[in-house]
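Per our numbering: the sequence shown = residues 18 to 133.
In this text, a Cβ means the ideal position worked out from N, Cα and C, and glycines have one as well.
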Amino acid sequence: MIPKYNELLEAKSTLLDLKMHVIAAQIQSVLRKYRPGQPRVPAGQPTGGQWTDDISADDRIHVAGKYDPARAEICDAQLLLDEELCRMAKSALCWSLSMDRHAACMKNNFIPKLRF
């Protein structure tokens, strides 16, 4: 038995309609997962930049340039050690990185490795 042309068109139309519904459901699923206000893990941490479900008050993302005065003592001590190493290394790169490390420490960000 050979299907009629109209039956083939109707079957094709039904198939396309089903594909459209599947694609629409996939798009809705993606949109439900996206929340523009969802917090992210701060950069410099192992999971930095990834979305997180909840973020406690202690783990809030720090705005660039906001120093934490409570960290001054430990960061200044680290800076003194870095400066001593840079005096021995006599390297401009070392001095530059020591200042970058101090700024990162004060912001409670990832502290890069000191290179000479």
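Exercise. Pull up the distance between the alpha-carbon of residue 129 and that of residue 56, whole angstroms please.
Key: Cα atoms of residue 129 and residue 56: separation of roughly 24 Å, rounded to the nearest angstrom.
Quiz item: For residue 124, is the classification buried or exposed, using 16 other Cβ atoms within 10 angstroms of its Cβ as the cut-off for buried?
Solution: The residue is buried, with at least 16 neighbouring Cβ atoms inside 10 Å.
Quiz item: Considering only C-alpha positions, which residue in the set 83, 84 and 116 is nearest to residue 98?
Solution: Selected option, being the one with the closest Cα: 116.
Practice problem: For the segment 53 to 126, list the alpha helix (DSSP H) runs that are entirely contained and at least 4 residues long, ordered along the chain. | Solution: Fully enclosed alpha helix (DSSP H) runs of 4 or longer: 89 to 106 and 109 to 123.
Quiz item: If you check the beta carbons only, do residue 133 and residue 106 fall under 8 Å apart?
Solution: Contact flag set, yes.
Self-check item: Bounding residues of the alpha helix (DSSP H) (the contiguous stretch that carries residue 132)
Solution: Per DSSP, residue 132 lies in no alpha helix (DSSP H) segment and is marked neither H nor E.
Self-check item: Assigned exposure category for residue 46 - 16 Cβ within 10 Å defines buried
Solution: By the 10 Å Cβ count, residue 46 comes out exposed.
Quiz item: Candidates 121, 131, 28 and 69: which alpha carbon is nearest residue 85's?
Solution: 121 is the residue among 121, 131, 28 and 69 whose C-alpha sits nearest the C-alpha of residue 85.
Quiz item: On the three-state DSSP scale, how would you describe residue 21?
Solution: Coil at residue 21, not helix or strand.
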